[in-house]
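A.B. asks: Take a look at this one; I'll ask things after.
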Amino acid sequence: MMLKRCFPVVAFAALVLAFTAPSRAQSPTHSSWVGTWATSPYLADGGFNVRTLTGVTLREIAHISVGGAQVRIRFTNEFGLDPLTISDAHAALSAGGGSIQAGSDHALTFGGATSVNVPPGAAIFSDPVALEVAPLSDVAVTFYLPPQIMRAETYHGFADQDNYLATGDVATAQQLPQSTTIPSWYFFDGIDVPEVSSSRAIVTLGDSITDGAHSTHNANLRWPDVLASRMHDDPNLKNISVLNEGIGGNRVLNETTGPSALSRIDRDVLAQSGVRYVIVLESINDIGRLARLQTPWDEITAQQLEMGLKQIADAAHEHGIKAIGATLTPYGGANYYSDKGEEVREAVNDWIRTSGTFDGVVDFDKATRDPQNPTAFNPACDSGDHLHPGDEGYKAMANAIDLTLFAK
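Using mature numbering (1 follows the signal peptide of the UniProt record, and there is no 0), the letters of the sequence shown correspond one by one to residues -25 to -1, 1 to 383.
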């Protein structure tokens, strides 16, 4: 599969060599790759002022799912308007905070070059590097952004993970000097490791509930993280990775925060290395708009959402990927709850359970709802805002997934 991103033909030999297909790219010693970590990028239009990110070093932390003897790192300029220059890039084992483990630092190259210009709309992989990473460990990706024109930036705004910024090119420092903590992942959206026997990836496609909103910061307790831990603990499934493609505020049918689920399936599901399954948990933000309509297209129906979810499942099936439907968690008491929206949620959940569209179903609604008040969360699962689970709710969601869905 090729990256579903358009980019212009460029004359830089190193850049051309650096572009690789995400799931079947060649390396000197490995022919196949599987994603171990991913995030879904979008246009930086608020939060931390990324427009100051020139002449600085970024150190970004990723909690991977499966291990490997090599890594390759994916950088993205998908929403940029200008070429993005990255130089002095490194991958290392995190030592916590902004530090890296001594002796683990490896310089990254791009077609053998130490810097690369990423065209607007493009994503690239680094060359493979012999960094051995353990399952469920933290990898630190560090890179320098030299002074350059940067009119638009690509990031994942809600990392629920501290990342770090320092002035100047200090990418080789074991501890970034005078660093600032930043809340997002910028220009970096994936890590692959070489495939081994029974390697395959699960993509979790969703909104803030998949992104892990209101889970404990820096603790990796999002439901996809807990699922990855369950996979690791099962000797028959330990080589299955989990890639979190959730975006807070995302919708199925219309763009809000990030591209809609329908418009990002090519990038976030089909183009991911080694993907064999997708768990789809989206629609609650579409439904929430019914409480306060802002545009004519906010007036959605259950049938429209079902059509959108079916298109996602159909696209997965066309590429040999199993699609697993997840029922929508309760939202009674949330600030955008409405009786009309609840009718739509229940109708969509009934359709997910009974339509036969999906290869399997995960009943997150049943796993998290209050038996005495099924339109709302079980209090033990509620983060307090009545829309997002807390840590116990995310754990209940992950534990509700039947792992036999992922048997070959």
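A virtual CB, placed ideally from N, CA and C, is assigned to each residue, including glycine.
1) I'd like the list of long-range same chain contacts for lysine 297, defined as Cβ closer than 6 Å, with 5 residues on each side in sequence excluded.
2) Looking at C-beta atoms only, is the number of pairs between the stretch 113 to 129 and the stretch 151 to 166 that lie closer than 8 Å three or more?
3) Where DSSP assigns a beta bridge to tyrosine 119, which residues make up the other side?
4) Only counting the same chain, and skipping five residues up and downstream in sequence, which positions put a Cβ closer than 8 Å to that of glutamate 230?
5) If you draw a straight line from the alpha carbon of arginine 49 to that of leucine 362, how long is it in whole angstroms?
6) Which partner residues does tyrosine 252 have in the DSSP bridge list?
7) Note the first and the last residue of the continuous beta strand (DSSP E) segment covering serine 90.
8) So isoleucine 222 packs on isoleucine 177, CB below 8 Å; how close in whole Å?
9) Whether or not the stretch 174 to 192 and the stretch 251 to 268 are in contact is what I'm after, with contact meaning three or more pairs of Cβ atoms, one per stretch, closer than 8 Å; do they touch?
10) On the premise that phenylalanine 352 lies in contact with alanine 301, defined as a C-beta separation below 8 Å, what is that separation, rounded to the nearest angstrom?
11) Should the stretch 112 to 124 be regarded as contacting the stretch 60 to 80, the criterion being three or more beta carbon pairs within less than 8 Å?
12) Specify the secondary structure class of residue 388 as computed by DSSP and reduced to three states.
13) Among Arg344, Asp345, Asp325 and Pro346, which residue has its Cα nearest to the Cα of valine 336?
14) Determine the contact status of aspartate 113 and histidine 38, defining contact as a CB-CB distance below 7 Å.
15) Would you be able to state if there are at least three C-beta pairs under 8 Å between the stretch 364 to 374 and the stretch 314 to 333?
16) Please classify asparagine 353: does DSSP put it in a helix, a strand, or coil?
17) Counting only the same chain and skipping the five closest in sequence on each side, list residues whose C-beta sits under 7 Å from that of threonine 343.
18) Quick one: is aspartate 377 buried, meaning 16 or more other Cβ sit within 10 Å of its Cβ, or exposed?
C.D. replies: Once the coordinates are examined:
1) As a first step, residue 297 must be located in the sequence shown, where it is residue number 322. Only residues of its own chain outside the window of five on either side were considered, and among them Tyr252 and Asp334 have a CB closer than 6 Å to the CB of lysine 297, listed in chain order.
2) yes
3) Here residue 119 is taken as the residue at index 144 of the sequence shown, counted from 1. According to DSSP, which records beta bridges pairwise, tyrosine 119 is partnered with Thr32 and Ser62.
4) Against the sequence shown, residue 230 aligns to sequence position 255. So the list reads Ser238, once near-sequence residues are dropped.
5) For the purposes of this step, residue 49 is taken as the residue at position 74 of the sequence shown. For the purposes of this step, residue 362 is taken as the residue at position 387 of the sequence shown. The alpha-carbon atoms of arginine 49 and leucine 362 are separated by roughly 32 Å.
6) On the sequence shown, position 277 is the one that residue 252 refers to. According to DSSP, tyrosine 252 bridges with Ile177 and Lys297.
7) As a first step, residue 90 must be located in the sequence shown, where it is residue number 115. Looking at the DSSP string, the run of the beta strand (DSSP E) that includes serine 90 is 90 to 93.
8) Numbered from 1 along the sequence shown, position 247 holds the residue referred to as residue 222. Numbered from 1 along the sequence shown, position 202 holds the residue referred to as residue 177. No, isoleucine 222 and isoleucine 177 are not in contact; Cβ-Cβ is about 17 Å, not under 8 Å.
9) The stretch 251 to 268 makes contact with the stretch 174 to 192, as at least three CB pairs between them are under 8 Å.
10) Looking up residue 301 in the sequence shown gives position 326. Looking up residue 352 in the sequence shown gives position 377. So it is not a contact: roughly 16 Å between Cβ atoms.
11) yes
12) With the chain represented from -25 up to 383, any question about residue 388 goes unanswered, as that position is not in the structure.
13) As a first step, residue 336 is located in the sequence shown; it is residue number 361 there, counting from the start. For the residues Arg344, Asp345, Asp325 and Pro346, the minimum Cα distance to valine 336 belongs to Asp325.
14) Position 138 of the sequence shown, counted from the start, is the residue given in the question as residue 113. Position 63 of the sequence shown, counted from the start, is the residue given in the question as residue 38. Yes, the pair counts as a contact, with Cβ atoms nearer than the cut-off.
15) No, because fewer than three Cβ pairs between the stretch 314 to 333 and the stretch 364 to 374 fall closer than 8 Å, the two stretches do not touch.
16) Looking up residue 353 in the sequence shown gives position 378. Asparagine 353 falls in the coil class under three-state DSSP.
17) Position 368 of the sequence shown holds residue 343. Same-chain partners within the cutoff: Thr304, Pro305, Phe352, Asn353, Cys356, Pro364, Gly368, Ala371 and Met372.
18) Here residue 377 refers to the residue found at position 402 when the sequence shown is read from its first residue. The residue in question, aspartate 377, is exposed, as its Cβ has fewer than 16 Cβ neighbours within 10 Å.
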